[in-house]
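Here it is, written out as structure tokens:
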């Protein structure tokens with residue numbers, strides 16, 4: 001009676017991007033825990049309990065799910081995208097480390113999913129085709145100075161940068177400040193990709209230069225990819241352009 | 255008769271990690287192009303042509319597939335993991351930019367997949383739970399000095415680092431040199447995760463400290479995740495440990 005907890009990645013949204021492994025883990029659970037908007041994506045199944053919670057309550061949700069599983073149940077925590085990328089898997093691990101010994105006996109299965117940067121990149125070409133990094137712009141859990149330091153390090157060393165959580169109602173200025181910071185390192189023509197709600201009915205994709213990137217509206221459903229000096233744009237008549245970063249990099253001074 | 259080219263991510267290997275979108279794109283193609291070992295993972299279908307090529311021939315493969323598609327066919331190029339991460343999508347974009355105008359009229363669909371770092375991270379907890387970067391250690395397409403510079407930048411700014419292509423027969427010393435370089439920035443106890451052939455029958459996962467990381471065997475099927483100063487290990491009786499990076503980071507001096 002050790003219990004079983006699956007942390008399941010739902011991918012970017014559309015069911016065609018959900019892996020068979022994730023579908024099976026969802027169908028197999030006695031109870032589902034998750035942010036309400038993510039739970040709504042999971043088909044209902046008779047006899048399966050659902051515990052919806054607010055977006056911000058990751059630790060409380062993780063603790064409740066672990067407690068439930070430790071009583072011998074099969075529980076699934078749902079996560080947008082990939083659970084390991086700015087999502088529920090780290091919150092679950094935090095609670096296991098802080099919680100009672102019984103949490104360490106639970107069988108834990110993390111089921112990967114298509115994280116937002118992969119979904120957005122795929123829609124527009126291959127902007128992540130060379131070395132890149134993923135950075136959350138939320139300063140709820142780290143000081144803004146650390147974010148600036150990481151933006152400097154990544155851009156000056158020639159990494160393409162995927163920005164998660166660019167904007168929220170409580171964080172209105174951070175995205176503009178980040179773009180301004182990146183302009184110190186990158187030429188005005190550097191391509192920037194905005195992908196919102198990719199694979200969902202309200203999907204929006206746009207490509208601008210970093211010169212104008214702070215004028216584009218972004219929100220919590222937006223993933224932003226800032227190119228490197230090597231990132232290129234291929235114009236195509238009647239189609240979206242292709243944005244890609246070549247596999248080869250010649251210069252040491254990126 | 256513009257033709258259609260899908261670049262399809264097969265994920266880490268097992269069919270349970272292949273998205274329905276990817277399965278549909280493979281079934282829908284008149285012809286498949288790919289590295290022979292990846293093509294072998296795709297179920298045979300009568301009437302579908304297969305063009306296998308060697309691992310290194312990415313550009314020639316991309317050019318052949320584009321030429322075929324431009325004659326009006328539905329063609330799929332298969333890629334391990336996610337096509338946008340050190341894989342075929344960038345090679346296809348390079349050929350579109352360098353090729354004839356007709357290549358720009360082809361309908362291009364990049365189908366994302368579970369890339370190796372997500373699959374390995376999921377097996378061991380949430381090592382990518384905070385800011386991270388993905389770096390290829392192959393110096394076939396960039397100078398070693400640039401790789402060193404990026405290792406320095408990423409480790410000193412507190413990014414977790416996923417290393418793709420750590421070792422090949424032609425590149426025997428680079429992985430050891432990278433670990434040695436990273437030791438300048440990270441304490442000896444920093445966790446390092448090795449994931450080989452994850453989800454396949456020969457899967458191997460191990461966790462060591464960076465002090466001993468250069469003694470672990472790695473090859474082209476291995477993905478290595480080097481933790482940051484924040485990355486933690488939770489021992490569990492009778493189970494693999496959990497390795498995770500907490501969502502919060504307090505220190506500016508990473």
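Protein chains in written order, with the numbering used here: chain U, 1 to 254; chain F, 255 to 508.
Just so it is clear, CB atoms sit at the ideal spot from N, CA and C, and this is done for glycine as well.
Quantities reported herein were computed from a predicted structural model and do not represent experimental measurements.
For residue 361/F, which three-state DSSP category applies? strand
Within the 8 Å Cβ cut-off, does residue 234/F reach chain U? What the structure shows of chain F is the stretch from 255 to 508, and residue 234/F is not part of that stretch, so it cannot be assessed.
Three-state class that DSSP yields for residue 454/F in the structure shown: DSSP places residue 454/F in coil when its eight states are reduced to three.
Specify the secondary structure class of residue 254/U as computed by DSSP and reduced to three states. Because the pLDDT at residue 254/U is just 43, under 50, the model does not fix this residue reliably, and the value given afterwards should be weighed accordingly. Three-state DSSP puts residue 254/U in coil, outside helix and strand.
Could you tell me which chain U residues have their CB closer than 8 Å to the CB of residue 445/F, listed as they occur along the chain? Per Cβ cutoff of 8 Å: no residues; residue 445/F is ~12 Å from chain U at best.
For residue 96/U and residue 328/F, I'd like the C-alpha separation in whole angstroms. For residue 96/U and residue 328/F, the gap between their C-alpha atoms comes out near 49 Å.
Meets three-Cβ-pair contact criterion under 8 Å: the stretch 433 to 441 of chain F and the stretch 351 to 364 of chain F: no
Taking residue 85/U and residue 134/U to be in contact with their CB atoms under 8 Å, please state how far apart those CB atoms are, rounded to whole angstroms. 7 Å
Does DSSP put residue 333/F in a helix, a strand or coil? strand
Residue 209/U and residue 127/U: beta carbons closer than 8 Å? Their beta carbons are not under 8 Å apart, which means residue 209/U does not touch residue 127/U by this criterion.
In chain F, what lies closer than 7 Å to residue 142/U by C-beta? 502 and 503
Checking 8 Å against the spacing of the C-beta atoms, do residue 157/U and residue 407/F come in under that value? Yes, the Cβ-Cβ distance between residue 157/U and residue 407/F is below 8 Å.
Grouping DSSP H, G and I as helix and E and B as strand, with all else coil, what is residue 222/U? strand
At the level of alpha carbons, what is the spacing between residue 37/U and residue 492/F? 36 Å
Taking the beta strand (DSSP E) that residue 430/F belongs to, which residues open and close that run? Taken as a continuous stretch (DSSP letters only), residue 430/F belongs to no beta strand (DSSP E), being part of the alpha helix (DSSP H) at 428 to 437.
Per the DSSP calculation, residue 415/F is bridged to which residue(s)? 387/F and 480/F
List the residues of chain F whose Cβ lies closer than 8 Å to the Cβ of residue 245/U, in chain order. 344
Provide the residue span of the alpha helix (DSSP H) that contains residue 156/U, from first to last. 144 to 156
Hey, quick one: how far does the alpha helix (DSSP H) through residue 343/F stretch, first residue to last? 342 to 352
Residue 272/F versus chain U: which residues are under 8 Å apart at the beta carbon? 19 and 20
What would DSSP say about residue 41/U, mapped onto helix, strand or coil? coil
Does the beta carbon of residue 292/F fall short of 7 Å from some heavy atom of the ligand ZN? Absence of the ligand ZN from the depicted structure is noted, as is the absence of any ligand whatsoever, leaving it without description.
Please compile the residues from chain U whose C-beta is within a distance smaller than 9 Å of the C-beta of residue 485/F. Within chain U, no C-beta atom comes less than 9 Å from the C-beta of residue 485/F; the nearest is roughly 10 Å away.
Measure from the C-beta of residue 297/F to each C-beta in chain C and report whether the shortest distance is under 8 Å. Of the chains in the structure shown, none is chain C; the protein chains are U and F.
Spatially closest choice to residue 108/U from 76/U, 80/U and 119/U, by CA coordinates: 76/U
Could you tell me which residues DSSP pairs with residue 445/F in its beta bridges? 463/F
Can you give me the Cβ contacts of residue 206/U inside the same chain, cut-off strictly under 8 Å, excluding the 5 residues immediately before and after it? 193, 194 and 216
Taking residue 8/U and residue 26/U to be in contact with their CB atoms under 8 Å, please state how far apart those CB atoms are, rounded to whole angstroms. The Cβ separation is near 6 Å, so the contact holds.
Tell whether a beta-carbon distance below 8 Å holds between residue 92/U and residue 60/U. Inclusion of residue 92/U and residue 60/U in the CB contact set at 8 Å is not warranted, their separation being larger than that value.
What residues are listed by DSSP as bridge partners for residue 234/U? 242/U
For chain F, is any of its Cβ atoms less than 8 Å away from the one on residue 3/U? no
Using only alpha-carbon positions, find the residue among 136/U, 241/U and 45/U that is nearest to residue 221/U. 136/U
May I ask you to report which of helix, strand or coil DSSP gives residue 46/U? coil
Taking just the CA atoms, how far does residue 175/U sit from residue 398/F? 33 Å
Chain U beta carbons: is any one of them nearer than 8 Å to that of residue 425/F? no
Contact criterion: CB-CB distance below 8 Å. Does residue 376/F meet it with respect to chain U? yes
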